[in-house]
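Scroll down for the structure; my scribbles are underneath it.
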């Protein structure tokens, strides 16, 4: 019988690059194991941060334990599909390239009948048996539970067992059991990241881009949505712009809303937008009145369940 295995992300957050040779010399902290994400992001200038986008270098990121399909290998890199990130680019998930050093080929990853720990703190330390920090995990990292005891949660990981503080996680009987909340919950999840710098391709609490921010706040609310803004706009429940509610996703397009879609944020209420704007800025709450966002607003989608009349 053929041995069953899975490829899993083995670092806090693995950056998915456009090609196997897309990274630059300055990106060493993002392509090693362990990764040095704070140092990597902090070392870049505005211009080199912008080049992640304008140079078409980065596509998305993978959280620790996230599964990928490996399609090919070249020069120490793996061509992958991120199966938990829906995309119109590939029906199987989001495509790109990741260093092989940031993936682990795991043979015994049978996690069908176990509980799951979901990180709800902005960041959470994964500890070893001695209480030493192995990795610092991002918001929304998800790992199978082995046991709970005395305020600690023992989890199965791609690099062996580890321990999380129970205050940093919520535990569910299955991933499918993560409850779908209301729009208010999406806003509350997002508020804790105010001031976090924008990162093109960012999908972790080390930095989010606009659609990575909306994806992860909806994920925390029990709904997996498409990874990119244009796919997010094409899915979900369509909402008329005069009927938007807190937690709805708002979409913006060039040419005063008539051109190509380029941005997404979360409706905060009272004409305000909670979003990760662009390189050089941080996650903020913005009053849209009189701004370019008011002119470019073109669509809204709802990915939450209402507690009242809305659904």
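In my numbering, the protein residues as written are 1 to 311.
Think of the CB as a built atom: it goes at the ideal place given N, C-alpha and C, for glycine as much as any other residue.
- Cα atoms of residue 51 and residue 263: separation of roughly 18 Å, rounded to the nearest angstrom.
- Residue 156 holds the alpha-carbon nearest to the alpha-carbon of residue 128 among 113, 156, 118 and 111.
- Less than 9 Å divides the Cβ of residue 221 from the Cβ of residue 185.
- The residue among 198, 219 and 17 with its C-alpha nearest the C-alpha of residue 232 is 219.
- Annotation for residue 141: no alpha helix (DSSP H) segment contains it, and DSSP assigns it neither H nor E.
- Between the stretch 267-282 and the stretch 186-199 there are three or more inter-stretch CB-CB distances shorter than 8 Å, so the stretches are counted as touching.
- Taking C-beta separations shorter than 8 Å and ignoring five residues to either side along the sequence, the partners of residue 100 in its chain run 73, 76, 77 and 78, following chain order.
- With a contact defined as Cβ atoms closer than 8 Å, residue 87 and residue 227 qualify at about 5 Å.
- Taking C-beta atoms as the reference points, residue 269 and residue 250 fail to come closer than 9 Å.
- Going by beta carbons, residue 168 and residue 124 fall inside the 9 Å limit.
- By the Cβ rule, the stretch 294-307 counts as touching the stretch 254-262, because three or more pairs are nearer than 8 Å.
- In this structure the stretch 136-156 does not touch the stretch 39-49; the number of beta carbon pairs closer than 8 Å is below three.
- For the pair residue 134 and residue 146, the CB atoms are not nearer than the 9 Å cut-off.
- When secondary structure is reduced to three states using DSSP, residue 120 falls in the coil class, being assigned neither helix nor strand.
- In the DSSP assignment, residue 237 is bridged to 302.
- Around the beta carbon of residue 92, fewer than 16 other beta carbons lie within 10 angstroms, which makes this residue exposed.
- Residue 180 sits exposed, since fewer than 16 C-beta atoms from the chains shown fall within 10 Å of its C-beta.
- Relative to residue 4, the option among 173, 109 and 42 whose CA is nearest is 109.
- It is roughly 43 Å from the alpha-carbon of residue 32 to the alpha-carbon of residue 244.
- In this model, residue 304 and residue 248 are separated by some 8 Å (Cα to Cα).
- The residue among 22, 61 and 20 with its C-alpha nearest the C-alpha of residue 37 is 61.
- With fewer than 16 other Cβ atoms from the protein chains shown falling within 10 Å of its own Cβ, residue 240 counts as exposed.
- By the neighbour-count criterion, in which a residue is buried when 16 or more other Cβ atoms sit within 10 angstroms of its Cβ, residue 203 is buried.
- Listed in chain order, the alpha helix (DSSP H) elements of length 4 or more contained wholly in the stretch 128-211 are 183-191.
- A straight line joining the alpha-carbon of residue 160 with that of residue 119 spans about 18 Å.
- Unbroken alpha helix (DSSP H) runs of no fewer than 4 residues, entirely contained in the stretch 18-96, are found at 28-31, 37-43 and 46-54, following chain order.
- Here residue 80 really is in contact with residue 16; their C-beta atoms are around 7 Å apart, less than 8 Å.
- By the Cβ-count criterion, residue 43 is exposed, with fewer than 16 other Cβ atoms from all chains shown falling within 10 Å of its own Cβ.
- Cβ-Cβ distances below 8 Å link residue 208 to 193, 196, 198, 199, 202, 216, 276 and 283 in the same chain, with the five nearest sequence neighbours on each side left out; the list follows chain order.
- Cβ neighbours of residue 11 within its own chain (closer than 8 Å, five residues either side excluded): 33, 34, 35, 64, 102 and 135.
- In the DSSP annotation of this structure, the continuous segment of the beta strand (DSSP E) that includes residue 269 starts and ends at 261-269.
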